[in-house]
Amino acid sequence: MEISGIISAIVIGIIIGVLGRLVVPGRQRIGILWTIAVGIVAALIGSALANAFDVSDTNGVDWIEWLIQIGLAALGVAALDRSKAGRR
Numbered sequence: 394m395e396i397s398g399i400i401s402a403i404v405i406g407i408i409i410g411v412l413g414r415l416v417v418p419g420r421q422r423i424g425i426l427w428t429i430a431v432g433i434v435a436a437l438i439g440s441a442l443a444n445a446f447d448v449s450d451t452n453g454v455d456w457i458e459w460l461i462q463i464g465l466a467a468l469g470v471a472a473l474d475r476s477k478a479g480r481r
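Counting in this note's numbering, the sequence shown runs from 394 upward without gaps.
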């Protein structure tokens, strides 16, 4: 992977993480770095799932891929928030 691909993954991960966090209702007790990390992982897994279902390369904006990634990020943010809440 080239440096531009890594930078793109980070930027997309930030966007996906923030959108996933907005989908989860209430206040989350995780920091921005965890949100970015969840977003990057969700973007990578979501792209793999979109490729598996053959919906990753459509005409125009890949809305289905984005929805998969945002849904995974929301699940990740909620799961991480829940695990942090259990420790307190």
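The beta carbon of each residue, even a glycine, is placed where N, CA and C say it ideally should be.
- Task: Report buried or exposed for Ala-399, applying the criterion of at least 16 other Cβ atoms within 10 angstroms of its Cβ.
- Result: Looking up residue 399 in the sequence shown gives position 6. Inspection of the sequence shows that residue 399 is occupied by Ile rather than by Ala. By the 10 Å Cβ count, Ile-399 comes out exposed.
> For Ala-443, which residues from the same chain have a beta carbon less than 6 Å from its beta carbon, with the 5 sequence-adjacent residues on both sides left out?
Replying inline: The count along the sequence shown starts at 1 and reaches residue 443 at position 50. The answer, listed in chain order, is Ser-449, Glu-458 and Ile-461.
Mapping DSSP to helix, strand and coil, what is Arg-475?
Walking along the sequence shown from the start, residue 475 turns up at place 82. Three-state DSSP puts Arg-475 in a helix.
Beta-carbon proximity check, Ile-433 vs Ile-396, cutoff 9 Å:
If you number the sequence shown from 1, residue 433 lands on position 40. If you number the sequence shown from 1, residue 396 lands on position 3. Not closer than 9 Å, so no.
Using only the alpha-carbon positions, how far apart do Val-454 and Ile-405 sit?
The sequence position of residue 454 within the sequence shown is 61, counting from 1. The sequence position of residue 405 within the sequence shown is 12, counting from 1. Roughly 14 Å separates the two Cα atoms.
| task | Using alpha carbons as the reference points, say which of Arg-475, Ser-476, Val-470 and Ala-478 lies closest to Ile-425. | result | Working through the sequence shown from its first residue, we reach residue 425 at position 32. Comparing Cα positions, the closest option is Val-470.
Open item on the list: Looking at the secondary structure, which residues open and close the alpha helix (DSSP H) in which Val-404 lies?
Closed with: Here the question's residue 404 lines up with position 11 in the sequence shown. Residues 396-416.
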